[in-house]
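Trainee: Here it is: the structure, laid out below.
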Amino acid sequence: MNSIFASVAGWGVNVAIAFTALRTNLMRSILTTLGVMIGVFSVILAVAVGNGAQVSVTQQIATLGSNMAIVVPQPDSGSGPPRPNDRGRLTERDGQAILRQVSGVRAVAPQIRNSVQLVTPGRSATTQATGATPEYGNISNVNASEGRFLTKSDVGSAARVAVIGQTVSDKLFGGDSPVGQTIRVNRVPFTVVGLLESKGSNLGTDNDDQIVVPITTLRQRLLTTPTQGPDDVTLLFVGFEDEDSLLAGQKEIKRLLRDRYRVQKGKINPFTVRTTTEIAETTSQVTQIFQAVLVAIASISLLVGGIGIMNIMLVSVTERTREIGLRMALGARRSDIRNQFLVEAAVLCIIGGAIGLLLAVLAATIFQKVADFPAPVGIDTALFSIAFSAVIGLLFGGYPAVRASRLSPIEALRSE
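Under the working numbering, the first residue of the sequence shown carries the number -11, and numbering increases by one thereafter.
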């Protein structure tokens, strides 16, 4: 027990000596910590931005809905290199066939999308119009916060009604309620019957900048480019009961569509079927690679900071050679000298790391407010940064510390 107390007291003395030495050369100490401070600042900010990108991607995918497959009439890059004539088509009849023949499907939402110009007295805006059915709201978790969503009657009668996003409402009506108001969509009058629940922005995409109209209305009145067939669609949202049925259903959809379009064996699929699970996994991998690249680049500055620590500690050993000889003459062991310089290097790095951490938290907070982008700095990241700073000090301060401990007491005392 006494040996433990003696060891702790010894390290405490080393820490006190380290702070005394740092105060003696205050300006040099401050300049030395800059490298570590900038390195820790860069690494933490890179980690925060990477974590924020993952959060944004997760939120973006969540706005699409869960347990959902997305079918688009584009060649599947996973089944071979696409050719110009491989582009397929999708129809509402394909959606009905999927609903009838694929197990586990609870709803199918065909969609047509087109850019439109919106006009109200004294105001205008350009946005994306989605021609949809009531199932679109059920699959994508899209609901009206005010008024109502589309109904089967709206689709059946090709009614000129629209449900608009919050951003569109702000542009056209300011703070007034849009429900019951009339807007012109590509010069065609529409009645606003509902206001969509706000889903915010993710990765620069404003999920509230849209309007939803009956698919029949968009096809008849708003399409600028005619489709190949009378019931062609831009894409299909297929909602499944659970994740297990989603994984099995993806294969069934591909098999069904290949049969319906008579795609020969070995030929590329003229359509792509992606699940929300796949999209989440792919984007997570991309953001992790992005984060790793950022951290690797930022770590270079931390390496430079460590080299600066080593350089200054070597200078300190040279300047304090006589002090080292005197301590050895008074009974200090080589391990005591080594530990003293190791502690000094570690203290320098910890101070630089702590300042870098504070600056990174401040920068992340400002970034979140200015860019409206999440950049969280977790407690685990903060603790790791401090611990890693100490490790940098021990690694780069190791050689100077060992060199100091190997000095000859007699030669050191003779030093000027």
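We treat Cβ as the ideally placed atom computed from N, Cα and C, and that holds for glycine.
Any idea what DSSP makes of Val173, helix, strand or coil?
Mentor: Residue numbering aside, residue 173 sits at position 185 when the sequence shown is read from its first letter. Of the three classes helix, strand and coil, the one that applies to Val173 here is strand, per DSSP.
Trainee: How about Gly313 and Pro397: are their beta carbons less than 8 Å apart?
Mentor: Residue mapping note: residue 313 aligns to position 325 of the sequence shown, counting from 1. Residue mapping note: residue 397 aligns to position 409 of the sequence shown, counting from 1. Yes; because the gap between Cβ atoms is below 8 Å, this pair is in contact.
Trainee: Return the chain-ordered list of same chain residues with a C-beta closer than 7 Å to the C-beta of Arg148, the five sequence neighbours on each side being excluded.
Mentor: The residue given as residue 148 occupies position 160 in the sequence shown. Counting only Cβ-Cβ distances below 7 Å, and skipping sequence neighbours, we find Val176, Pro177, Phe178, Thr179 and Thr205.
Trainee: Please determine, among Leu87, Thr271 and Ile58, the residue with the shortest C-alpha to C-alpha distance to Asn39.
Mentor: Locating residue 39 in the sequence shown gives position 51, counting from the first residue. Closest by alpha carbon: Thr271.
Trainee: Please find out if some non-hydrogen atom of the ligand FMN comes closer than 7 Å to the beta-carbon of Tyr124.
Mentor: This structure simply doesn't include the ligand FMN, nor any ligand for that matter.
Trainee: Assess contact between the stretch 210 to 223 and the stretch 129 to 149, defined as three or more Cβ pairs (one per stretch) separated by less than 8 Å. Is contact present?
Mentor: Not touching, per the Cβ criterion.
Trainee: Which one or two residues does DSSP pair with Thr108 in a beta bridge?
Mentor: Your numbering for residue 108 matches position 120 in the sequence shown. According to DSSP, which records beta bridges pairwise, Thr108 is partnered with Arg111.
Trainee: So, is Lys255 buried or exposed, given that buried needs 16 or more other C-beta atoms within 10 angstroms?
Mentor: Translated into positions along the sequence shown, residue 255 becomes position 267. Classification for Lys255: exposed.
Trainee: Suppose the cutoff is 7 Å on Cβ atoms and the five residues either side in sequence are ignored; what does the same chain contact list for Lys140 look like?
Mentor: Within the sequence shown, numbered from 1, the residue matching residue 140 stands at position 152. Cβ within range, chain order: Pro122.
Trainee: In chain order, what residues of the same chain have a beta carbon less than 6 Å from the beta carbon of Val238, not counting five sequence neighbours either side?
Mentor: Counting from 1 along the sequence shown, the entry for residue 238 is found at position 250. The question names Val, but residue 238 is Gln in the sequence shown. Once the five neighbours on either side are set aside, the close Cβ partners of Gln238 are Ala57, Val261 and Thr263.
Trainee: If Leu223 and Val60 are in contact, beta carbons under 8 Å, what's the gap, nearest whole angstrom?
Mentor: On the sequence shown, residue 223 is found 235 positions in, with the first residue counted as 1. On the sequence shown, residue 60 is found 72 positions in, with the first residue counted as 1. Yes, Leu223 and Val60 are in contact; Cβ-Cβ is about 5 Å, under 8 Å.
Trainee: Going by Cα to Cα distance, which pick from Ala375, Arg394, Gly76 and Ser44 is closest to Asp220?
Mentor: If you number the sequence shown from 1, residue 220 lands on position 232. Of the listed residues, the one whose Cα sits closest to Asp220 is Gly76.
Trainee: What is the rounded straight-line gap between the Cα of Ser103 and the Cα of Leu78?
Mentor: Reading the sequence shown from its first residue, position 115 is the one you call residue 103. Reading the sequence shown from its first residue, position 90 is the one you call residue 78. Ser103 and Leu78: Cα-Cα distance of roughly 20 Å.
Trainee: The alpha helix (DSSP H) with Leu160 in it runs from where to where?
Mentor: Residue 160 sits at position 172 when you count from the first residue of the sequence shown. Gln154 to Phe161 is the extent of the alpha helix (DSSP H) around Leu160.
Trainee: Assuming contact is defined by CB atoms lying nearer than 8 Å, are Ser289 and Ile338 in contact in what I supplied?
Mentor: For the purposes of this step, residue 289 is taken as the residue at position 301 of the sequence shown. For the purposes of this step, residue 338 is taken as the residue at position 350 of the sequence shown. No. Outside cutoff.
Trainee: How many Å lie between Pro86 and Leu245 at the Cα?
Mentor: By 1-based counting over the sequence shown, the position of residue 86 is 98. By 1-based counting over the sequence shown, the position of residue 245 is 257. Reading off the sequence, residue 86 comes out as Ile, not Pro. Taking the straight line from one Cα to the other gives about 9 Å.
Trainee: Would you mind working out which of Ser157, Lys187 and Asp142 sits nearest Gln48, comparing C-alpha positions?
Mentor: Start at 1 with the first residue of the sequence shown, and residue 48 comes out as number 60. Per the Cα distances, Lys187.
Trainee: Could you pull the start and end residues of the alpha helix (DSSP H) that Pro122 belongs to?
Mentor: Walking along the sequence shown from the start, residue 122 turns up at place 134. Pro122 -> alpha helix (DSSP H) spans Pro122 to Ser128.
Trainee: Assign Arg308 to one of two classes, buried (16 or more other C-beta atoms within 10 Å of its C-beta) or exposed (fewer than that).
Mentor: As a position in the sequence shown, residue 308 is number 320, starting the count at 1. When all chains shown are included, Arg308 counts as buried.
Trainee: What residues match up with Ile100 in a beta bridge as DSSP calls it?
Mentor: As a position in the sequence shown, residue 100 is number 112, starting the count at 1. Ile100 is bridged to Gly119.
Trainee: What residues are listed by DSSP as bridge partners for Gly135?
Mentor: Translated into positions along the sequence shown, residue 135 becomes position 147. Bridge partners of Gly135: Gly182.
Trainee: Can you find the residues in the same chain that come closer than 7 Å, C-beta to C-beta, to Gln116, ignoring five residues on each side of it along the sequence?
Mentor: Position 128 of the sequence shown, counted from the first residue, corresponds to residue 116. The answer, listed in chain order, is Arg101, Ser103 and Gln198.
Trainee: Here's a check: name, in chain order, each residue in its chain whose Cβ is nearer than 6 Å to the Cβ of Val43, leaving out the five neighbours to either side.
Mentor: Here residue 43 refers to the residue found at position 55 of the sequence shown. Excluding positions up to five away in sequence, the list reads Pro362.
Trainee: Can you tell me which of Met316, Ile374, Val379 and Glu80 puts its alpha carbon nearest to the alpha carbon of Leu395?
Mentor: Working through the sequence shown from its first residue, we reach residue 395 at position 407. Comparing Cα positions, the closest option is Met316.
Trainee: Under a three-way DSSP split, which group does Arg94 fall into?
Mentor: As a position in the sequence shown, residue 94 is number 106, starting the count at 1. Reduced to three states, the DSSP call for Arg94 is strand.
Trainee: If you draw a straight line from the alpha carbon of Ile325 to that of Ala389, how long is it in whole angstroms?
Mentor: Taking the first residue of the sequence shown as 1, we reach residue 325 at position 337. Taking the first residue of the sequence shown as 1, we reach residue 389 at position 401. C-alpha separation (whole angstroms): 7 Å.
Trainee: Determine which residues share a DSSP beta bridge with Pro202 and list them.
Mentor: Counted from its first residue, the sequence shown places residue 202 at position 214. DSSP lists Ala120 as partners of Pro202.
Trainee: Taking the alpha-carbon of Leu336 as reference, which of Val365, Thr369, Pro364 and Ile300 has the nearest alpha-carbon?
Mentor: Position 348 of the sequence shown, counted from the first residue, corresponds to residue 336. Among Val365, Thr369, Pro364 and Ile300, the Cα nearest to that of Leu336 belongs to Ile300.
Trainee: To the nearest angstrom, how far is the alpha carbon of Ala392 from that of Ile297?
Mentor: Position 404 of the sequence shown, counted from the first residue, corresponds to residue 392. Position 309 of the sequence shown, counted from the first residue, corresponds to residue 297. Roughly 15 Å separates the two Cα atoms.
Trainee: Can you name the residues that DSSP bridges to Ile58?
Mentor: Indexing the sequence shown from 1 puts residue 58 at position 70. Answer is Phe225 and Arg262.
Trainee: Rounded to whole angstroms, what's the CA-CA distance from Asn257 to Val173? Just pull it up for me.
Mentor: Along the sequence shown, one-based indexing puts residue 257 at 269. Along the sequence shown, one-based indexing puts residue 173 at 185. So the two alpha carbons sit approximately 36 Å from each other.
Trainee: Residues in the same chain with beta-carbon distance under 6 Å from Asp64, minus the five sequence neighbours each way, listed in chain order, please.
Mentor: As a first step, residue 64 is located in the sequence shown; it is residue number 76 there, counting from the start. Excluding sequence neighbours, Asp64 sits near Asn257 and Thr260.
Trainee: Per DSSP, which one or two residues make a beta bridge with Ala150?
Mentor: Locating residue 150 in the sequence shown gives position 162, counting from the first residue. Bridge partners of Ala150: Val180.
Trainee: Verify whether the separation of the beta carbon atoms of Gly341 and Val93 is less than 8 Å.
Mentor: For the purposes of this step, residue 341 is identified with residue 353 of the sequence shown, where counting begins at 1. For the purposes of this step, residue 93 is identified with residue 105 of the sequence shown, where counting begins at 1. Cβ distance not < 8 Å, so Gly341 and Val93 don't count as in contact.
Trainee: State the start and end residues of the unbroken alpha helix (DSSP H) segment that holds Pro166.
Mentor: For this step, residue 166 is matched to residue 178 along the sequence shown. Counting along the chain, Pro166 falls outside any alpha helix (DSSP H), and DSSP gives it neither H nor E.
Trainee: From Gln99 to Thr118, what does the alpha carbon distance come to, in whole angstroms?
Mentor: Translated into the one-based positions of the sequence shown, residue 99 becomes position 111. Translated into the one-based positions of the sequence shown, residue 118 becomes position 130. Between Gln99 and Thr118, the C-alpha separation is close to 7 Å.
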